[in-house]
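Novice: Following full-length UniProt numbering from start to finish, the sequence shown increments by one per residue and tops out at 344.
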Amino acid sequence: MSPTQKAIVVSELGKPVTLVKVAVAGLNPHDQKSRDWGLFILRDLTPVPKDYSGDTDLPSVPTNDVVGRITKLGPGVTDLAIGDRIVYQPSFAPGSKQNGLQEYALAELGALTKIPDSITDDEAATLPTNIIAPLVALFDALQIPAPWLPAAKDFDYANTTILIVGGGSNCGQFGVQLAKLANIGRIVVVGGDEAKLRSFGATHVIDRYAGYEMVLTKIRDIVGDDLVYAYDSINPAEGQLLALNALSSSKRGALARLIPRVPVDESKVLGKRAGFDVRDVFGSSQVHPELAAGFWSRVPSYLESRQIKPLAYVVKRGLTAENVNEVLDAYRDGKSVAKTHIHL
């Protein structure tokens, strides 16, 4: 071990964890925000100057999509074995020792699952961040019962409608799959490849390039005045306004949104006599442990039954700054970026 590296002590967190030899680490847009804004490094999201001497928990290891093999078990771990191949979502907490761009990392129970033999490392690595965010949006922020909970038996999924804005994004595509998993009857999606989204379970797909007023009209033609659930996976100002204005006027509806790019001008939300809610989503397994644990325990069967389908990805081989920064620079510059996995 290099004298500049620090060994990880598996028992030091005081909770059931495993030590993992990392094979794949998946990059996402938030990793660029961490590098350039200090997201999850500085709490106020201001950039971290080179000469900053405050409390930053630097160095910070990026990536929250990780696949690897267990090399050591922590205290209280009984359902896993050394050599198991797992996928997991690391904590977003500053100073986390779980993130993926390092040879060995910690993974905690409740945020991981074993990977079925029929699923590759890269297929599994498309899941964590991009599926937990819509999981929290649908089944926590929007308060739709997760389909495995006791409350599900009394919820009328078949007569429920959800609007998903940002169907071309990974969080949008997994949102469609989760809505279908819950057997939501009408899944209306704005943006994205129609054939792919319908294969995931969308019942209606609307071209986002049709223009704001036309898209809103098309949504209302489908949902009438009944829409009370909306989820925006990309959150430009116009997308948030679209979702909010599509909500019912006579029933109180809600929009669940990921980290917004810009604040929404609620003065442009018209005619909502019953009001509406805007609910921010933090897609972290550690922040929502009960929901996440229930989901992760079912992921192998969902993957094997194809109820959850992995998304597209590309691969870069080698844990180098050049490989990582090339992807993060593309996110920063607003380029179209394929989900990229670093093979260690």
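Ideal Cβ positions, reconstructed from N, Cα and C, are used throughout, including at glycine.
Please report the straight-line C-alpha distance between A146 and D333, rounded to a whole angstrom.
Specialist: 37 angstroms
Novice: Please name the residue, chosen from T340, P90 and E304, that lies closest to L319 on a Cα-to-Cα basis.
Specialist: T340
Novice: Beta strand (DSSP E) containing E266: first to last residue?
Specialist: E266 -> no beta strand (DSSP E), and no H or E assigned at all.
Novice: So, helix, strand or coil for T217, using DSSP?
Specialist: helix
Novice: Going by the beta-carbon positions, is the gap between G68 and V22 smaller than 7 angstroms?
Specialist: yes
Novice: Do you know offhand how far G38's Cα is from S60's?
Specialist: 10 angstroms
Novice: Mind reading off the beta-carbon distance from G192 to V165? Whole number of angstroms is fine, and I expect it under 8 angstroms.
Specialist: The pair is not a contact, with the Cβ atoms about 10 angstroms apart (cut-off 8 angstroms).
Novice: Please name the residue or residues paired with L255 in a DSSP beta bridge.
Specialist: A230 and V278
Novice: Note down, in chain order, each residue of its chain lying with its Cβ closer than 6 angstroms to the Cβ of R186, except the 5 sequence neighbours on either side.
Specialist: When the five nearest sequence neighbours on each side are left out, the beta carbons in the same chain lying within less than 6 angstroms of the beta carbon of R186 are those of T161 and T203, in order along the chain.
Novice: Note down the Cα distance separating G211 from I86, rounded to an integer number of angstroms.
Specialist: 43 angstroms
Novice: Does the beta carbon of V299 fall short of 6 angstroms from some heavy atom of the ligand HEM?
Specialist: Absent from the structure shown: the ligand HEM. Ligands present: none.
Novice: Which same chain residues, not among the five before or five after G83, have their C-beta less than 7 angstroms away from its C-beta?
Specialist: Correct list, in chain order: R69 and I70.
Novice: Give every residue of the same chain whose Cβ lies closer than 6 angstroms to the Cβ of Y331, excluding the five residues on either side of it in the sequence, and list them in chain order.
Specialist: P29, Q32 and V337
Novice: When burial is assigned at 16 or more other CB atoms within 10 Å of the CB, is V278 buried or exposed?
Specialist: buried
Novice: Going by Cα to Cα distance, which pick from P62, Y88, L311 and P263 is closest to P236?
Specialist: P263
Novice: Could you check whether L311 and N170 sit closer than 7 angstroms to each other, using their CB atoms as the reference points?
Specialist: The Cβ atoms of N170 and L311 sit closer than 7 angstroms to each other.
Novice: Would you decide whether G271 is buried or exposed? Buried here means 16 or more other CB atoms lie within 10 Å of its CB.
Specialist: The residue is exposed, with fewer than 16 neighbouring Cβ atoms inside 10 Å.
Novice: Is the stretch 278-293 touching the stretch 127-141 in the sense that three or more CB pairs, one from each, lie closer than 8 angstroms?
Specialist: Result yes; three or more Cβ-Cβ pairs closer than 8 angstroms.
Novice: Less than 8 angstroms between the CB atoms is what I'm expecting for A274 and S248, so what's the real figure, rounded?
Specialist: 7 angstroms
Novice: Out of T129, G76, T18 and A25, state which residue places its alpha-carbon closest to the alpha-carbon of V287.
Specialist: V287 has its Cα closest to that of T129, out of T129, G76, T18 and A25.
Novice: For N325, count neighbouring Cβ atoms within 10 angstroms of its own Cβ and tell me buried if that reaches 16, exposed if not.
Specialist: exposed
Novice: Which word fits R306, buried or exposed, when buried means at least 16 other C-beta atoms lie within 10 angstroms of its C-beta?
Specialist: Classification for R306: exposed.
Novice: Check for me: the alpha helix (DSSP H) holding I162 runs from which residue to which?
Specialist: First-last for I162: T161 to V165, but that is the beta strand (DSSP E), not the alpha helix (DSSP H).
Novice: If you count every other CB in all the chains shown that lies within 10 Å of the CB of Y209, and 16 or more means buried, which is it?
Specialist: exposed
Novice: Do you know how far the Cα of L106 is from the Cα of L97?
Specialist: Note that residue 97 is Lys in the sequence shown here, rather than Leu. The straight-line gap from Cα to Cα measures roughly 6 angstroms.
Novice: Quick check on DSSP: helix, strand or coil for V189?
Specialist: V189: strand per DSSP, three-state reduction.
Novice: For K335, which three-state DSSP category applies?
Specialist: coil
Novice: What first and last residue would you give for the alpha helix (DSSP H) that runs through K180?
Specialist: N170 to L181
Novice: Tell me the DSSP bridge mates of K72?
Specialist: L19
Novice: Measuring CA to CA, which of L244, A254 and A256 is closest to E266?
Specialist: Distances from the CA of E266 to each of L244, A254 and A256 were compared; the closest alpha carbon is that of L244.
Novice: Taking the alpha helix (DSSP H) that T129 belongs to, which residues open and close that run?
Specialist: P128 to V136
Novice: Nearest to E194 by alpha carbon, out of Q173, K218 and P150?
Specialist: Q173
Novice: Between Q17 and G74, how many whole angstroms is the CB-CB distance? I'm expecting something under 8 angstroms.
Specialist: Looking at the sequence provided, one finds Val at residue 17 rather than Gln. Correct: roughly 4 angstroms between the Cβ atoms.
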